[in-house]
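Just below is one structure, and these are the notes that go with it.
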Amino acid sequence: MVLSFSLVSHAAATLAFALLAILIVSKYLRRSTDRALLVATLASVIWAGSLVTQDLFGQPPFHVRYLLELVRDGGWLLVLYSLLNDPKRSVPLTERLRKLLTGAGALLLGLLFGAAFLELLLDLPALGGKSKIMGQVGLALLGLCLVEQIWRNASQYGRSSVQYLCIGAGSLFVYDFFMYSDALLFGQMSDSFWNARGAANALFAPLFAINMVNTRRQPVNFQLSRNAVFHVGTLTFAGIYLIFAAAAGYYVRALGGQWGEALQVLLLTAFLVLFATLLTSVRFRARIMMFISQNFFDYKYDYREEWLKMTQIFADFSDDPPLPERVVRIMADLVESNAGALWVKDNEDNYVLQSSVNLPAPRFTDIDGKSELIRFFNEREWIIDLHEYRDNPLRYDLLEIPDPILKFGEGWLIIPLYLGEDLYGLCLIGNPYARVELNWENFDLIRVVARQTCNVLAQADAQNRLSRAMQFEAVNKASAFMVHDLKTMIAQLSLLVKNAPRHRDNPEFIDDMIQTTDHAVRKLSSLVDHIRKPAQEQTQREIIELSELVQELANDKGDRPPVPIVDGGPSPVWVEADRRQLRNVLGHLIRNAQEATPPDGDISLTIKQSSDHAVLFIQDTGSGMSEEFIRMRLFKPFESTKGLAGMGIGAYQAREYLNEIGGSIDVTSEPGTGSCFSIRFPLASAPRKTAAATDEEPPRAAGE
1 MVLSFSLVSH AAATLAFALL AILIVSKYLR RSTDRALLVA TLASVIWAGS LVTQDLFGQP
61 PFHVRYLLEL VRDGGWLLVL YSLLNDPKRS VPLTERLRKL LTGAGALLLG LLFGAAFLEL
121 LLDLPALGGK SKIMGQVGLA LLGLCLVEQI WRNASQYGRS SVQYLCIGAG SLFVYDFFMY
181 SDALLFGQMS DSFWNARGAA NALFAPLFAI NMVNTRRQPV NFQLSRNAVF HVGTLTFAGI
241 YLIFAAAAGY YVRALGGQWG EALQVLLLTA FLVLFATLLT SVRFRARIMM FISQNFFDYK
301 YDYREEWLKM TQIFADFSDD PPLPERVVRI MADLVESNAG ALWVKDNEDN YVLQSSVNLP
361 APRFTDIDGK SELIRFFNER EWIIDLHEYR DNPLRYDLLE IPDPILKFGE GWLIIPLYLG
421 EDLYGLCLIG NPYARVELNW ENFDLIRVVA RQTCNVLAQA DAQNRLSRAM QFEAVNKASA
481 FMVHDLKTMI AQLSLLVKNA PRHRDNPEFI DDMIQTTDHA VRKLSSLVDH IRKPAQEQTQ
541 REIIELSELV QELANDKGDR PPVPIVDGGP SPVWVEADRR QLRNVLGHLI RNAQEATPPD
601 GDISLTIKQS SDHAVLFIQD TGSGMSEEFI RMRLFKPFES TKGLAGMGIG AYQAREYLNE
661 IGGSIDVTSE PGTGSCFSIR FPLASAPRKT AAATDEEPPR AAGE
């Protein structure tokens, strides 16, 4: 008799597992895992012994050996299942998954056992050779999935108790996977793989013995996570996919004639490209995670990971991307979306769009603070599903949703953001990658994250306000150094005005000079008072005829092209304001229009009047502004497009003063086309003519 390597190899496996069985029975047969390991060890002894007797005596027949191999595989799967199904370590989150894995394993083993018994007892060819090999590959993949799941979810302390068991069982199933995959690809069992299999199994036996020693006083404790299930599912999908690809490649090669090998290479390449595309697809991954959460777990989220992820995002103090955009992405990611928009309350209690991510913004984006939606959110902390709202508005009591939200065509969820008990902002989430069924867990997590992100937004806003106040303080300090020089100029001009009447060689010229100089003195004196006491300055309002003031400004600003043109409008239009400040505000806006418009362009000033207010339109054909610039920078102090030439507070001061007198300012613009500033004023009653005014009227007329 020739001593073959196969005989020595499987004899070594028989001896190694027999010694392991003796060790387990003599000292460590205490837990369900120990008993399952004993069953697997005895099955391995019988399986390896049958291969030894086959080499020596040609018995038992193939059907018996195949059945014993299935018993051996089932024994090692039982060891892994015993870890999953131990009631002392069971957690509610994984009950469905355990049932699914147990059912899949039982079904696969049942089919293979049934086919083996039919062949053994009735001599019926229930499965062909390739089907049996694919069944063995499936068992190997199932074992690898269980090993990967146990190892990934074991705690750092618990891993030491399952380390060698995972290595041994994983190595056993990896060897079988490669051996049977090779047989499936090449149509025959490799002698090298088969002969070395027993020796390889003998090498794994000491690992199980070491594991038994190490776990004598160390309990095995682990739990499953969604990411683990996702990776296990991905590994299972990859294995099934590769088996299918290999089988398809084999049949293409077998049936393709002369083109067979080339077609096989082409087919496998196409399968690999498709496989890489699926694994890197965010939408595909989102669908898998949603399927796992809905079917295997009672809770959809791993809250520890969600909170750590949010904390890491907010820990980045850079402005790339801006904080509002990060808030939108955090909220959208909770429901498998990548699009959204954020509104935050401004000083007038309206809600201004701060960021829009992967959603095209409509033309008008501001939400009125007195709208029905805002009143709704002030009364109840609901999350509005726009899909449900469109299907059944009665569920939300026929609530009217503002157009700035409805104009976002891909909008899905409207999430209120509360700072304490006050509504601080709104977040609109776009449609998700995959269909998402929302329940109480989704809504609770969204509310908690919304409040946390709102606190971060409010803190950032407070820091910006503090920074702005410090900048204003720096401006005031810098202005104090100008007071001395301004006082000197006032003294010189005052002396000029005082001595001018003595030198009237040219009366008309001297009178004009005196008038101009006197105007400069008054203006500089007012500037000095404003710099010295900005907080104590009290504006004196009066009734002003707006059309007259606008015409006066147009004449004054006509010293440079393009000359502002006043369109015909209602007259008189009475408003209440401080004449000097209103003149400065409107003059600044007209001058800005001139600076933005080429000399051959047009600037028009138009007044429209309704029953309770008047609107002045300052329209130009200049360079225009983007919507982002208008929303984020135009009315922000110390933001200027003029570089060092401007301080960037003109537009800010204009808006603040108009708000102070009950008016407002709105801007529409398009780059390359021009801009239109709409200044709204509340109407005032016409002033009554007093007797003194009547007496003074004839002299003014005579002077004219």
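In the numbering used here, the protein residues as written are 1 to 704.
Built from N, CA and C at the ideal position, the CB exists for glycine as well.
*Would you identify the three-state DSSP class for Leu19, choosing helix, strand or coil?*
For Leu19, the secondary structure class from DSSP, reduced to helix, strand or coil, is helix.
*Candidates Asn431, His613, Leu582 and Glu660, of which the one nearest Phe764 by Cα*: Outside the displayed range of the chain (1 to 704) lies residue 764, so it cannot be described from this structure.
*Let me know if Ile330 comes out buried or exposed under the rule of 16 or more other beta-carbons within 10 Å of its beta-carbon.*
When all chains shown are included, Ile330 counts as buried.
*Only counting runs of 4 or more residues, tell me where the alpha helix (DSSP H) segments fall wholly within the region 360-436, in order along the chain.*
Listed in chain order, they are 372-379, 386-391 and 403-406.
*asked:* Need the endpoints of the alpha helix (DSSP H) that Pro682 sits in, please.
replied: Unbroken run through Pro682 is the beta strand (DSSP E), Gly674 to Pro682; no alpha helix (DSSP H).
*6 angstroms CB neighbourhood of Phe17 in its chain, flanking five on each side removed*: Exclusion of the five residues before and after Phe17 leaves Thr41, Ser44, Val45 and Ala205 as the residues of its chain whose Cβ lies within less than 6 angstroms of its Cβ.
*Okay, do the region 616-626 and the region 590-599 touch, 3+ Cβ pairs below 8 angstroms being the bar?*
Two segments are said to touch when three or more pairs of C-beta atoms, one from each, lie closer than 8 angstroms; by this definition the region 616-626 touches the region 590-599.
*Quick one: Cα of Val546 to Cα of Tyr389, how far?*
The sequence as given places Leu at residue 546; Val does not occur at that position. Looking at the two C-alpha atoms, the distance is approximately 47 angstroms.
*Element boundaries [beta strand (DSSP E), containing Gln609]*: In this chain, the beta strand (DSSP E) harbouring Gln609 covers Ile603 to Gln609.
_Mapping the DSSP letters down to three states, classify Ile590 as helix, strand or coil._
Three-state DSSP puts Ile590 in a helix.
*Is Leu142 near Ala104, with beta carbons less than 8 angstroms apart?*
Ala104 is positioned such that its CB atom lies closer than 8 angstroms to that of Leu142.
*Taking C-alpha atoms, which residue in Ala12, Leu37 and Ile24 lies nearest to Leu51?*
It is Ala12.
*Could you check what DSSP says for Ala711 in three-state terms: helix, strand or coil?*
Residue 711 is absent from the structure shown; the chain starts at 1 and stops at 704.
_Pairs of beta-carbons, one from the region 550-567 and one from the region 665-678, closer than 8 angstroms: are there three or more?_
Segments in contact, no.
*Say whether the region 56-68 touches the region 103-120, bearing in mind that this needs 3 or more beta-carbon pairs closer than 8 angstroms, one atom from each stretch.*
The region 56-68 makes contact with the region 103-120; the number of CB pairs closer than 8 angstroms reaches 3 or more.
*Using DSSP with H/G/I as helix, E/B as strand and the rest coil, what is Asp349?*
In the three-state reduction of the DSSP assignment, Asp349 falls in the coil class, being assigned neither a helical nor a strand state.
_Terminal residues of the alpha helix (DSSP H) in which Ser32 lies_ = Its alpha helix (DSSP H) spans residues Ser32 to Phe57.
*Using the beta-carbon count (16 or more within 10 Å), is Gly58 buried or exposed?*
Gly58 sits exposed, since fewer than 16 C-beta atoms from the chains shown fall within 10 Å of its C-beta.
*Tell me the DSSP bridge mates of Trp343?*
Under the DSSP definition of a beta bridge, Trp343 partners with Leu353 and Leu426.
*Residue environment, Lys99, which counts as buried when at least 16 other CB atoms sit within 10 Å*: It counts as exposed.
*For the beta strand (DSSP E) holding Asp320, just list the boundary residues, first then last.*
Neither: Asp320 is in no beta strand (DSSP E) and is coded neither H nor E.
_Status (buried if at least 16 other CB within 10 Å, exposed otherwise) for Ala480_ = Reliability of the predicted coordinates at Ala480 is poor, the pLDDT of 49 falling under 50, and the value obtained from them is presented with this limitation in mind. Around the beta-carbon of Ala480, fewer than 16 other beta-carbon atoms lie within 10 Å, marking it exposed.
*Bridge partners - Thr621, DSSP secondary structure assignment*: None, per the DSSP bridge assignment.
*Tell me, which residues are paired with Leu709 by DSSP?*
The structure shown has nothing for residue 709, since the chain only spans 1 to 704.
*asked:* Residues in the same chain with beta-carbon distance under 7 angstroms from Ala196, minus the five sequence neighbours each way, listed in chain order, please.
replied: Taking Ala196 as the centre and dropping the five residues before and after it, the same chain places the C-beta of Ser9 closer than 7 angstroms to its C-beta, in chain order.
*Do Val550 and Leu589 have their C-beta atoms within less than 8 angstroms of each other?*
No; because the gap between Cβ atoms is not below 8 angstroms, this pair is not in contact.
*From the DSSP output, which residues share a beta bridge with Thr668?*
In DSSP, Thr668 forms a bridge with Cys676.
*Helix, strand or coil for Val575 per DSSP?*
Of the three classes helix, strand and coil, the one that applies to Val575 here is strand, per DSSP.
*Arg565: which of Ile603, Glu542, Asn659 and Ser356 sits nearest, CA to CA?*
Note that residue 565 is Ile in the sequence shown here, rather than Arg. For Ile565, the closest alpha carbon among the candidates Ile603, Glu542, Asn659 and Ser356 is that of Ile603.
_Quick check on Lys345: buried or exposed, where buried means 16 or more other Cβ atoms within 10 Å of its Cβ?_
It is buried - the Cβ of Lys345 has at least 16 other Cβ atoms within 10 Å.
*Nearest-angstrom Cα separation, counted from Gly601 out to Leu428*: Near 41 angstroms, if we compare the C-alpha coordinates of Gly601 and Leu428.
*Residues near Ala719 by beta carbon distance below 6 angstroms, same chain, minus five either side*: Coverage of the chain is limited to positions 1 through 704, which leaves residue 719 absent and any answer about it impossible.
*Quick one: measure Cβ to Cβ for Leu423 and Ile367, integer angstroms, because I've assumed they're closer than 8 angstroms.*
About 11 angstroms separates the beta carbons of Leu423 and Ile367, which is beyond the 8 angstroms limit, so they are not a contact pair.
*In whole angstroms, what is the alpha-carbon distance linking Arg631 and Leu353?*
Between the alpha carbons of Arg631 and Leu353 lies a distance of about 8 angstroms.
*Determine the extent of the beta strand (DSSP E) in which Glu726 is found, giving its start and end residues.*
Shown here, the chain extends from 1 to 704; a query on residue 726 therefore has no answer.
*Taking DSSP as the reference, what is the three-state secondary structure of Val563?*
If DSSP states are grouped into helix, strand and coil, Val563 belongs with coil.
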